[in-house]
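**Q** Basically this note's numbering = 1-based index in the sequence shown + 362. Virtual Cβ for every residue (Gly too), placed ideally from N, Cα, C. All of these numbers come straight from a predicted model, not from anything done at the bench. Sharing a structure, written as structure tokens. Questions coming.
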Amino acid sequence: MKRLLAALLLGGCGNPAEAPPHVEPAMRASEPWSDAWILAEGQRYLDDDDFRRSALEASITEPTNVYSATRLSAYGLGSRGWDGLPEWTPRVHAVDASVVDGLRASREVRLPDQAAPLWNGVRPTSFEGWAALGRRVFFEYPLRPEPQAAHALARPSLAQEVGLVEVAGVWPGVVAFEDIDGAAKVGITCALCHVSVERGAAIEGRARRSLDYGRMRLAWHEQTGAPVSAELADRMRSWGPGRADITADDDEDPVAIVDLWGLRELRHLTQAATLTHGHPAALAIRQETQILHANRERTRPPRELAWALAVYLYALTPPPARGGGDARAIERGANVFADACASCHADPSGAGAPVAAKRVGTDANLATGAARGTGMYRPAPLIRVADAAPYLHDGSVGSLVALFGRERFRDDYRGPRGVGAVKGHAYGVDLSADTRDDLIAFLRAR
Ligand code: HEC
Ligand code: HEC
363 MKRLLAALLL
373 GGCGNPAEAP
383 PHVEPAMRAS
393 EPWSDAWILA
403 EGQRYLDDDD
413 FRRSALEASI
423 TEPTNVYSAT
433 RLSAYGLGSR
443 GWDGLPEWTP
453 RVHAVDASVV
463 DGLRASREVR
473 LPDQAAPLWN
483 GVRPTSFEGW
493 AALGRRVFFE
503 YPLRPEPQAA
513 HALARPSLAQ
523 EVGLVEVAGV
533 WPGVVAFEDI
543 DGAAKVGITC
553 ALCHVSVERG
563 AAIEGRARRS
573 LDYGRMRLAW
583 HEQTGAPVSA
593 ELADRMRSWG
603 PGRADITADD
613 DEDPVAIVDL
623 WGLRELRHLT
633 QAATLTHGHP
643 AALAIRQETQ
653 ILHANRERTR
663 PPRELAWALA
673 VYLYALTPPP
683 ARGGGDARAI
693 ERGANVFADA
703 CASCHADPSG
713 AGAPVAAKRV
723 GTDANLATGA
733 ARGTGMYRPA
743 PLIRVADAAP
753 YLHDGSVGSL
763 VALFGRERFR
773 DDYRGPRGVG
783 AVKGHAYGVD
793 LSADTRDDLI
803 AFLRAR
């Protein structure tokens, strides 16, 4: 049925058997998750209200958690709920030397005159065109005003310490923009958490594991005296680099920021598999609702921008694998993986069907939490996994060697989150040192 609709939308012949051989775009559009198919399916997300609602419902793994219940009660309801929010395309300007100098000199955010609306209102027509628009959204659409980021930018050493860095004249992840009240502010964007900066270059899609978001926010509280409970302050201190809480609750569930590789292959999104990803609309709706929720449900982004973001995410490709290992070791490692791991890490990306948190045995807070919980964890995708330390959803294990060893089960294990046992995921922990090295050689090549 999907194929048929995709073919019809492209103006091709509805019956593939009768399609003349030269109708190539329509034929390619019938292959799920191909560029052409994604492009065609976008029309339904953009233009069909009923489809959007049913796509939302199909994307919910567990309707009772707060994330899902909120969306079910407000998304895709026509005149009610979030559909009635005003669309907002802000005027933006990258945070560059002029913005930072202004902040450092006077603590004022000055929006340069040439700041223009992020989008001119014209829908792109090609996959590449949508991806290019999505890239702008990723780097420049403010999720919300963030005085804590402005505060850090005004202080060079603090900025550096919390992971706000300049690349080729701009600070990716922060943006100067005109808020709905007309004031110039600094906001954060997707790139704050999902672009890493390595040796002076930006790697789009890799988690910024140097970002200490909790510390950035605490530094602002300390400087301004804005009230924060001692308990929340302790929690933010404990996040450490590379972890953030993206729910709007009381910052209780910091999780590791993830890489955004191979999203087309992932049938579930987020580490607790909160979303079921059977259709690209699931991702577009995730992004649309993330942005409107982050902006405290005051406005919503044009759907074109949420869709563009999804296309951009599908277009991301990882940098080359480290590799470099001995081919025979990699092959032996592949056999170990097939025996001990592939039952769960079954898909080409390394992800697989979600597993009960009890069974995998890692810290269950995220999986069973009221915020986004489903009772399950998704077997982690393993694309460029060698570059993705620290490991597990809470970033509690520092290296692959530590993950596949028994030392971390002891109470005196010193991991990235302090001293204490890290239980669960007891797979591959009884391998001989040689076999474990083979397995890691295999993982390094992924
Ligand atoms: C403050 C940091 C932060 C910001 C800003 C942020 N994210 Fe994330 N993102 C995360 C974290 C942390 C996770 C992991 C959530 C989980 O597993 O529960 C995540 C997960 C995701 C995922 C799911 C990936 C997967 O493997 O399932 C996608 C897609 C994503 N983010 C895209 C975006 C986009 C697009 C934006 C901008 C609209 C954005 N994020 C803004 C921190 C952030
Ligand atoms: C019973 C299912 C299951 C088996 C078997 C299994 N895994 Fe996992 N794996 C998971 C789940 C679920 C997670 C996520 C757990 C979490 O974050 O708490 C995970 C996480 C991981 C991670 C962490 C990745 C990251 O980026 O944080 C790696 C690496 C990994 N598994 C590799 C392996 C290898 C190698 C094997 C075989 C020796 C294996 N797994 C066996 C289910 C499994």
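Report the residue from 760, 685 and 640 whose alpha carbon sits nearest the alpha carbon of residue 808.
**A** Here residue 808 corresponds to residue number 446 of the sequence shown, with the count starting at 1. If we check each option's Cα against that of residue 808, 685 comes out closest.
**Q** Can you tell me where the alpha helix (DSSP H) with residue 543 in it begins and where it stops?
**A** Here residue 543 refers to the residue found at position 181 when the sequence shown is read from its first residue. Element bounds for residue 543: n/a, residue is neither H nor E.
**Q** When the distance is taken between beta carbons, is residue 784 closer than 8 Å to residue 759?
**A** The count along the sequence shown starts at 1 and reaches residue 759 at position 397. The count along the sequence shown starts at 1 and reaches residue 784 at position 422. Contact: yes.
**Q** Under 7 Å: does the beta carbon of residue 684 sit that close to some heavy atom of ligand 1?
**A** For the purposes of this step, residue 684 is taken as the residue at position 322 of the sequence shown. Flag unset: Cβ of residue 684 not near ligand 1.
**Q** Looking only at its own chain, which residues have a Cβ that is under 7 Å from the Cβ of residue 377, when we skip the five neighbours before and after it?
**A** Taking the first residue of the sequence shown as 1, we reach residue 377 at position 15. Low confidence applies to residue 377: its pLDDT is 39, below 50, so where it sits in the model is not reliable, and the reading given next is rough at best. Excluding residues within five positions, none has a Cβ falling inside 7 Å.
**Q** When you measure from the CB of residue 812 to every non-hydrogen atom of ligand 2, does any distance come out below 7 Å?
**A** Nothing in the structure corresponds to residue 812, since the chain is present only between 363 and 808.
**Q** Apart from the five residues on each side of it in sequence, which residues of its chain come closer than 6 Å, Cβ to Cβ, to residue 554?
**A** Position 192 of the sequence shown, counted from the first residue, corresponds to residue 554. Result list for residue 554: 535, in chain order.
**Q** So if DSSP puts residue 547 in a beta bridge, which residue, or which two residues, is it bridged to?
**A** In the sequence shown, counting from the first residue as 1, residue 547 sits at position 185. For residue 547, which the question treats as bridged, DSSP gives the partners 539.
**Q** For the structure I just gave you, are there three or more beta carbon pairs, one from the segment 561-570 and one from the segment 537-544, closer than 8 Å?
**A** In short, these stretches do not touch, since the Cβ pair count stays below three.
**Q** Please indicate yes or no: does the CB of residue 771 lie closer than 7 Å to some heavy atom of ligand 1?
**A** Along the sequence shown, one-based indexing puts residue 771 at 409. No.
**Q** Cβ-heavy atom distance between residue 437 and ligand 1 below 7 Å?
**A** Taking the sequence shown and counting its residues from 1, one reaches residue 437 at position 75. No, since every heavy atom of ligand 1 falls outside the 7 Å radius drawn around the Cβ of residue 437.
**Q** So is the beta-carbon of residue 645 under 7 Å away from any non-hydrogen atom of ligand 1?
**A** In the sequence shown, counting from the first residue as 1, residue 645 sits at position 283. Result yes, Cβ under 7 Å from ligand 1.
**Q** Please look up how many angstroms separate the CB atoms of residue 632 and residue 420, rounded, as I've assumed it's under 8 Å.
**A** Working through the sequence shown from its first residue, we reach residue 632 at position 270. Working through the sequence shown from its first residue, we reach residue 420 at position 58. That pair is no contact at about 16 Å.
**Q** Straight-line CA distance for residue 805 to residue 444?
**A** One-based indexing of the sequence shown puts residue 805 at position 443. One-based indexing of the sequence shown puts residue 444 at position 82. Their Cα atoms are separated by approximately 43 Å.
**Q** Figure out for me which residue from 480, 524, 658 and 645 has the closest Cα to the Cα of residue 395.
**A** Mapped onto the sequence shown, residue 395 falls at position 33. When only C-alpha atoms are compared, the closest one is 645.
**Q** Could you spell out where the beta strand (DSSP E) holding residue 455 opens and where it closes?
**A** Working through the sequence shown from its first residue, we reach residue 455 at position 93. Here the beta strand (DSSP E) through residue 455 covers 453-458.
**Q** Taking its Cβ as the centre, do 16 or more other Cβ atoms sit within 10 Å of residue 497, making it buried, or is it exposed?
**A** As a first step, residue 497 is located in the sequence shown; it is residue number 135 there, counting from the start. By the neighbour-count rule (16 or more Cβ atoms within 10 Å), residue 497 is buried.
**Q** For residue 429, which residues of its own chain have a beta-carbon under 8 Å away from its beta-carbon, when the five flanking residues on both sides are left out?
**A** For this step, residue 429 is matched to residue 67 along the sequence shown. Cβ within range, chain order: 609, 636, 733 and 734.
**Q** Between which two residues does the beta strand (DSSP E) harbouring residue 558 extend?
**A** What you label residue 558 is simply residue 196 of the sequence shown in a count that begins at 1. Looking at the DSSP string, the run of the beta strand (DSSP E) that includes residue 558 is 557-560.
**Q** Taking contact to mean at least 3 C-beta pairs separated by less than 8 Å, is the segment 575-585 in contact with the segment 595-606?
**A** At 8 Å Cβ cutoff, the stretches touch.
**Q** Quick one: does the C-beta of residue 552 sit closer than 7 Å to a heavy atom of ligand 1?
**A** Counting from one through the sequence shown, the residue named residue 552 turns up at place 190. At least one heavy atom of ligand 1 is nearer than 7 Å to the Cβ of residue 552, so yes.
**Q** Using the Cβ count rule (16 or more neighbours within 10 Å means buried), how would you classify residue 383?
**A** Your numbering for residue 383 matches position 21 in the sequence shown. Any reading at residue 383 needs caution, since the residue's pLDDT is 46, under 50, leaving its predicted position unreliable; the model's value is listed next. When all chains shown are included, residue 383 counts as exposed.
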